[in-house]
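To keep things clear, I will list the structure first and then write my remarks on it.
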Amino acid sequence: MVNLLLSSGAILLLIVVISGLSACTPASIPLKTTQAPPALVQQPLLRTSDGTELVMTHWQAHSTPKATLLLIHGLNEYAGAFDEMCETLAQHGVEVWAYDQRGFGRSPYRGLWSSAERMAHDAREAASQLRQTYPDRPLYVLGFSMGGAVTLLAAAQGKLDADGIILAAPAVWTRATQPFYQRWAHQAALRLTPGWKPTGESLAIRPTDNTVMLRRIWKSPWMIKGTRIDTLNGVVDLMDKAYSAADSLSLPVLLLYGDKDQIIPKKPIERLWQRLPKSGKTRFIRYPQGWHMLGRDLNGDEVIADMVEWMH
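Just so we're aligned: 291 in the UniProt record's numbering is position 291 of the sequence shown, and the numbers increase by one with no gaps anywhere.
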């Protein structure tokens with residue numbers, strides 16, 4: 001997840017330049033009224049209850065599967081960006097499925113935001129289909145960054161059919177913990193230029209120490225290089241709702257965070273940990289050498305081993 005939430009200086013500069021412009025209308029994915037049973041179909045695709053087809057990627061376990069894992073990617077990514085990590089999980093006997101969230105990757109309405117509720121509903125439907133497909137195995141949901149917020153919201157009030165969730169650097173940087181000037185800048189930019197697509201490249205923020213992996217996935221045509229302001233606003237809405245829902249979880253949680261993370265500050269993660277209900281299996285693991293892209297950083301094998309141990 002590229003940290004465009006920090007680009008307040010660039011946003012403020014733009015506001016000065018365009019201060020004379022009229023307000024614009026944010027764009028979003030149109031809501032569908034069609035309702036049908038969700039299903040896994042060929043290609044593979046997840047056909048959701050509103051008829052949207054989300055592209056899925058599958059990594060088959062190299063041995064007898066010990067668990068099924070549903071992976072939910074972060075902002076501007078797609079399922080294929082996790083290929084090496086998922087191959088390693090498959091070597092450990094974990095069968096992995098991931099879908100490109102609506103508005104991202106190879107799925108419809110690329111570059112446009114849907115809604116927090118619809119994205120959480122997609123996660124529940126995907127988990128439900130995997131539970132039906134593999135009823136005799138434990139099922140876990142792994143959410144990265146923005147995907148962690150989606151996973152949190154999906155699991156709220158016991159609505160997610162899974163045996164536990166893994167939150168890797170979840171995006172829970174709520175408005176309440178953001179500087180006032182950042183909140184103001186985002187709202188002003190949303191009103192004036194909702195379609196502006198800042199890239200964040202001038203911020204010199206490092207999401208990972210694994211530059212080889214980062215360059216490789218960045219070359220993919222399915223990665224989004226610039227994020228609309230109205231999409232960023234949707235992400236902040238999602239973070240607010242996910243954090244608020246955290247105390248209603250009944251599933252075990254494995255919370256993972258890297259102390260070198262330059263995307264999500266440690267304070268929101270620590271606040272989340274305090275808010276989560278604690279079951280016997282719920283754990284919080286911090287990695288002194290971990291960055292934001294946990295499982296894909298140079299210490300990725302350590303993180304993957306902790307995931308596998310927790311699931312088994």
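Virtual Cβ for every residue (Gly too), placed ideally from N, Cα, C.
A quick note: this is a predicted structure, and the numbers were derived from the prediction, not measured.
Collapsing the DSSP output to three states places M56 in a strand. For V96 and H62, the gap between their C-alpha atoms comes out near 11 Å. Taking a contact to require three or more Cβ pairs closer than 8 Å, the region 145-156 and the region 72-85 qualify as touching.
Of Y99, T64, K278, F82, the smallest CA-CA separation from A246 is found for K278. Within the same chain, Cβ atoms closer than 6 Å to the Cβ of P138 are found at A67, D163, the five residues on either side in sequence being excluded. Straight through space, the alpha carbons of Y134 and L255 are spaced by roughly 25 Å. Q289 and K266 do not touch by the CB rule: their CB atoms are close to 15 Å apart, not below 8 Å.
Distances from the CA of T57 to each of S49, D50, A98 were compared; the closest alpha carbon is that of A98.
Of the residues assessed, E77 falls on the buried side of the cut-off, its CB having 16 or more other CB atoms within 10 angstroms.
CA-CA distance, T174 to R271, rounds to 10 Å.
Contact between L238 and L160 is absent: CB atoms are separated by about 16 Å, not below the 8 Å threshold. Taking a cut-off of 8 Å for Cβ pairs, the region 82-97 and the region 297-306 touch, as three or more such pairs fall below it.
DSSP links A98 through a beta bridge to T57, L71. By alpha-carbon distance to S220, the top candidate from Y243, E309, A79, T52 is A79. Of the residues assessed, R215 falls on the exposed side of the cut-off, its CB having fewer than 16 other CB atoms within 10 angstroms. Residue environment: D100 is assigned as buried (16 or more neighbouring CB atoms within 10 Å of its CB, all protein chains considered). Selection T52, L112, R102, L54 evaluated against G226 yields L112 as nearest (Cα-Cα).
Across the structure, R102 and M119 are spaced so that their CA atoms are roughly 7 Å apart. One Cα belongs to F104, the other to A81, and the distance between them is close to 12 Å. Of the candidates L153, A126, F144, the residue whose Cα lies closest to the Cα of G295 is F144. Distance from Q129 to L46 at the Cβ level is roughly 7 Å; contact confirmed, criterion being Cβ atoms closer than 8 Å. The C-alpha of G158 lies about 28 Å from the C-alpha of G258. Rounded to whole angstroms, the separation of the alpha carbons of M311 and L249 is 18 Å. Residue range 253-258 is occupied by the beta strand (DSSP E) that includes G258.
Rounded to the nearest whole angstrom, the C-alpha separation of R275 and I285 is 16 Å.
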